[in-house]
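In our numbering, the protein residues as written are 1 to 175.
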């Protein structure tokens, strides 16, 4: 299959019936196998999994922390540029003459729901608890970790992560 410009459609094989209807079977099964293997490994060998995953986490944080900051700054700047550049609002994604599948309100609602939904699902409890034990205020000695006085600071740092940078990333990925 050769790609000739202009590329307007990319054929993706999606199951039309059965359990995987509407999904790409290869991608779905591969993801399930990877997640299943990780869960089985973590349950069968919790100490080893904890050490390996902890080392991997430390490596990622040490190697890519500045990249993350630069990527988030890029997303924010790109969102501002797209909002302030008049021609960007007239750019059509799709074939000439195509009508949008969703209204602006529907698109914003889906984006908002997906962003808040995944955040609430994964971090609603974990992130404030993490910041309750240790956050920049506890590191600087302004509050004591895991104390009642640190609850407000924990929520401040949690909400900071759900601000402008996160929504800029959602918007750019959504485009």
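The beta-carbon is built from N, C-alpha and C at its ideal position, and this holds for glycine as well.
| Query | Result |
| --- | --- |
| Buried or exposed (CB count within 10 angstroms, at least 16 for buried), residue 157 | buried |
| Cβ pair count under 8 angstroms reaching 3, the region 148-163 against the region 131-139 | yes |
| Assigned exposure category for residue 191 - 16 Cβ within 10 Å defines buried | A question about residue 191 goes unanswered here, because the residues of the chain that appear run from 1 up to 175. |
| Distance between beta carbons of residue 23 and residue 12, contact taken as under 8 angstroms | Between residue 23 and residue 12 the Cβ distance is about 10 angstroms, and since that is not below 8 angstroms, they are no contact. |
| Inter-residue spacing [alpha-carbon to alpha-carbon] between residue 150 and residue 141 | 11 angstroms |
| Proximity winner among 105, 93 and 101, relative to residue 9 (alpha-carbon distances) | 93 |
| Contact under 8 angstroms by Cβ, residue 76 with residue 148 | no |
| Alpha-carbon to alpha-carbon, residue 100 and residue 81 | 22 angstroms |
| Residue 120 and residue 174 closer than 8 angstroms at C-beta | no |
| Residue 122 classed as buried or exposed, judged by whether at least 16 other C-beta atoms fall within 10 angstroms | exposed |
| Own chain partners of residue 165 with C-beta closer than 8 angstroms, once the 5 adjacent residues on each side are dropped | 72, 73, 75 and 76 |
| Contact check, residue 49 vs residue 41, beta carbons under 8 angstroms | yes |
| Residue 146 and residue 132 closer than 8 angstroms at C-beta | yes |
| Classification of residue 153 by the beta-carbon crowding that lies within 10 angstroms, buried from 16 upward | buried |
| Residue range of the alpha helix (DSSP H) that includes residue 133 | 126-133 |
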